[in-house]
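2 protein chains.
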Amino acid sequence: MNEEMLGKFELTIPIERSIQAELLLLLGHKLSHGYELIQRLNEADFRSGEADAATVYRNLRRMDKDGLISSHWEVGESGPGRRLYELTPQGEASLKVWAQYIAQQKAKLENFLQVYYLFEESLSKRENEVDLS
Amino acid sequence: MNEEMLGKFELTIPIERSIQAELLLLLGHKLSHGYELIQRLNEADFRSGEADAATVYRNLRRMDKDGLISSHWEVGESGPGRRLYELTPQGEASLKVWAQYIAQQKAKLENFLQVYYLFEESLSKRENEVDLS
DNA sequence: TAAATCTATATGCACAGTGACTGTAGTTGA
DNA sequence: TCAACTACAGTCACTGTGCATATAGATTTA
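So the sequence lines, in the order shown, correspond to chains A and B.
Using the numbering used here, the first residue of the first sequence is number 5, and each one after it goes up by one.
Using the numbering used here, the first residue of the second sequence is number 5, and each one after it goes up by one.
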């Protein structure tokens with residue numbers, strides 16, 4: 005885990021924070037604004053449940069402040085003005101670190117499941133023994 | 005996700021909370037007390053970093069209160085008294101739900117990585133084009 | 001035997017982050 | 001014109017965490 009890139013949350017990054025990674029990934033695909041990102045998040049198959057609007061906007065502002073994304077205000081010919089975000093080189097680097105971190109997390113979940121399935125197996129064996137008695 | 009089993013945190017279970025799942029899994033293997041669980045957590049390959057003692061004890065008390073584990077005070081012939089925890093049937097059921105949830109999370113991380121690797125590929129292609137010009 | 005260290009549990013405190021709610025404001029359609 | 005939608009942002013209560021600290025018996029070491 006690279007602390008420099010992901011901020012001051014060395015080891016204990018809440019999975020909520022992973023919304024940052026998801027936003028970076030979406031912005032990597034194409035530049036976008038907050039409202040659209042919320043919809044794209046809800047469609048994305050790497051995110052479950054509703055992404056709270058407040059959380060999305062807050063994280064976007066913070067990532068902007070941190071230089072991971074850059075924004076400029078856009079007054080379109082229709083609809084209210086909106087803030088267009090795009091990935092910066094730092095954001096790209098951060099996304100890379102996130103991907104490494106997520107790969108690690110995935111491995112840990114796999115380890116958990118492996119141990120669990122062994123446990124489940126031992127349970128059903130025990131049940132069979134009870135049935136025989 | 006089954007709300008009934010994991011408490012009132014329907015969709016937004018912080019991964020920190022996953023310490024609950026880890027504790028349940030460890031207790032499924034063998035009954036244990038807090039101090040030992042902290043050490044076993046730090047050895048387990050499904051957990052990175054140090055498990056904070058306060059967090060472990062707090063979660064154990066809560067899970068006890070919620071009926072996922074049961075405890076009884078034990079005054080051994082050596083060392084200070086300690087609280088021995090063991091998995092209840094409810095805890096076993098909760099662990100099962102956790103395992104399902106974690107399998108889902110794993111799938112989501114895989115989806116994320118898949119999208120990311122595609123992005124990375126498109127990046128390196130773009131770089132090659134720049135090199136050619 | 002006194003001091004330090006280990007085992008073992010638990011609480012207080014400050015802080016971060018979230019979700020629900022509310023506010024603001026322009027736009028579109030019935 | 002009034003509701004619904006787009007779009008962003010702030011307030012507030014709440015949860016959970018990590019760090020520090022308290023407590024206390026047991027064991028080791030100087």
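Here a beta-carbon is modelled for each residue, glycine too, at the ideal position from N, C-alpha and C.
**Asked** What number of angstroms, rounded off, separates the C-alpha of A/ASN115 from the C-alpha of A/SER36?
**Response** By 1-based counting over the first sequence, the position of residue 115 of chain A is 111. By 1-based counting over the first sequence, the position of residue 36 of chain A is 32. Taking the straight line from one Cα to the other gives about 36 angstroms.
**Message:** Could you check whether the segment 22-39 of chain B touches the segment 58-78 of chain B, counting it as contact only if at least three pairs of C-beta atoms, one from each stretch, sit closer than 8 angstroms?
**Reply:** yes
**Request:** For the beta strand (DSSP E) containing B/ARG66, list its first residue and its last residue.
**Result:** Counting from 1 along the second sequence, the entry for residue 66 of chain B is found at position 62. From DSSP, B/ARG66 is part of no beta strand (DSSP E) but of the alpha helix (DSSP H) over 57-69.
**Message:** So that I know if they touch, is there some Cβ in chain B lying closer than 9 angstroms to that of A/GLU7?
**Reply:** One-based indexing of the first sequence puts residue 7 of chain A at position 3. A caution first: A/GLU7 carries a pLDDT of 29, below 50, which makes its placement in the model unreliable, though a value can still be read off. No, no contact with chain B.
**Prompt:** What do you reckon, are the CB atoms on B/GLU96 and A/LEU127 nearer than 9 angstroms?
**Reply:** Counting from one through the second sequence, the residue named residue 96 of chain B turns up at place 92. Counting from one through the first sequence, the residue named residue 127 of chain A turns up at place 123. Against a cut-off of 9 angstroms, the Cβ pair of A/LEU127 and B/GLU96 comes out as a contact.
**Item:** Minimum Cβ-Cβ distance from B/GLU26 to chain A less than 9 angstroms
**Value:** Working through the second sequence from its first residue, we reach residue 26 of chain B at position 22. Output row for B/GLU26: interface = yes.
**B/LEU29: first and last residue of the uninterrupted alpha helix (DSSP H) it sits in** = As a working mapping, residue 29 of chain B is identified with position 25 in the second sequence. Residues 22-33.
**Prompt:** Does the Cβ of A/GLN109 have 16 or more other Cβ atoms within 10 Å, making it buried, or fewer, making it exposed?
**Reply:** Numbered from its first residue, the first sequence carries residue 109 of chain A at position 105. Classification for A/GLN109: buried.
**Request:** List in chain order: all unbroken beta strand (DSSP E) runs of 3+ residues lying wholly within the segment 76-114 of chain B.
**Result:** 86-91
**Prompt:** Mind pulling the chain B residues with CB within less than 7 angstroms of A/GLN109?
**Reply:** Start at 1 with the first residue of the first sequence, and residue 109 of chain A comes out as number 105. Within chain B, the residues near A/GLN109 are LEU113.
**Run of the alpha helix (DSSP H) containing A/GLU54, from where it starts to where it stops** = Here residue 54 of chain A is taken as the residue at index 50 of the first sequence, counted from 1. First-last for A/GLU54: undefined, no H or E at that position.
**Request:** At 8 angstroms on the CB atoms, spell out the chain B contacts of A/ARG51, in chain order.
**Result:** To locate residue 51 of chain A, count along the first sequence from 1; it is residue 47. Going along chain B in sequence order, the residues near A/ARG51 (Cβ under 8 angstroms) are LYS112.
**Message:** Counting only C-beta atoms, is A/LYS69 closer than 9 angstroms to chain B at any point?
**Reply:** In the first sequence, the residue the question calls residue 69 of chain A occupies position 65. No - not a single Cβ of chain B is within 9 angstroms of the one on A/LYS69.
**Message:** Taking 9 angstroms as the threshold (beta carbon to beta carbon), is B/LEU72 in contact with chain A?
**Reply:** The residue given as residue 72 of chain B occupies position 68 in the second sequence. No, its Cβ sits nowhere closer than 9 angstroms to a Cβ of chain A.
**Asked** Hey, would you say B/GLY32 sits closer than 9 angstroms to A/TYR120, going by beta carbons?
**Response** In the second sequence, residue 32 of chain B corresponds to position 28, counting from 1. In the first sequence, residue 120 of chain A corresponds to position 116, counting from 1. Cβ distance < 9 angstroms, so B/GLY32 and A/TYR120 count as in contact.
**Asked** Nearest to A/LYS112 by CA position, among B/ARG51, B/ARG44, B/GLU125 and B/LEU91, is which residue?
**Response** Taking the first sequence and counting its residues from 1, one reaches residue 112 of chain A at position 108. Nearest option by C-alpha distance: B/ARG51.
**Request:** Provide the residue(s) that pair with B/SER36 in DSSP beta bridges, ordered along the chain.
**Result:** For this step, residue 36 of chain B is matched to residue 32 along the second sequence. B/TYR89, per the DSSP bridge assignment.
**Asked** So is B/TRP77 buried or exposed if we call it buried at 16+ other beta carbons inside 10 Å?
**Response** By one-based count along the second sequence, residue 77 of chain B stands at place 73. That one is exposed.
**Request:** Tell me whether the beta-carbon of B/GLU124 lies closer than 9 angstroms to the beta-carbon of A/LYS100.
**Result:** For this step, residue 124 of chain B is matched to residue 120 along the second sequence. For this step, residue 100 of chain A is matched to residue 96 along the first sequence. For B/GLU124 and A/LYS100, yes; Cβs fall inside 9 angstroms.
**Message:** Tell me the rounded alpha-carbon separation between A/GLN94 and A/ARG65.
**Reply:** Position 90 of the first sequence, counted from the first residue, corresponds to residue 94 of chain A. Position 61 of the first sequence, counted from the first residue, corresponds to residue 65 of chain A. The straight-line gap from Cα to Cα measures roughly 15 angstroms.
**Reference A/VAL60, options A/GLU133, A/LEU117, A/ARG21 and A/GLU131, closest by Cα** = Against the first sequence, residue 60 of chain A aligns to sequence position 56. For A/VAL60, the nearest C-alpha among the options comes from A/ARG21.
**Request:** Check whether the Cβ of A/LYS129 lies closer than 9 angstroms to any Cβ atom in chain B.
**Result:** On the first sequence, residue 129 of chain A is found 125 positions in, with the first residue counted as 1. Not one chain B Cβ lies under 9 angstroms of A/LYS129.
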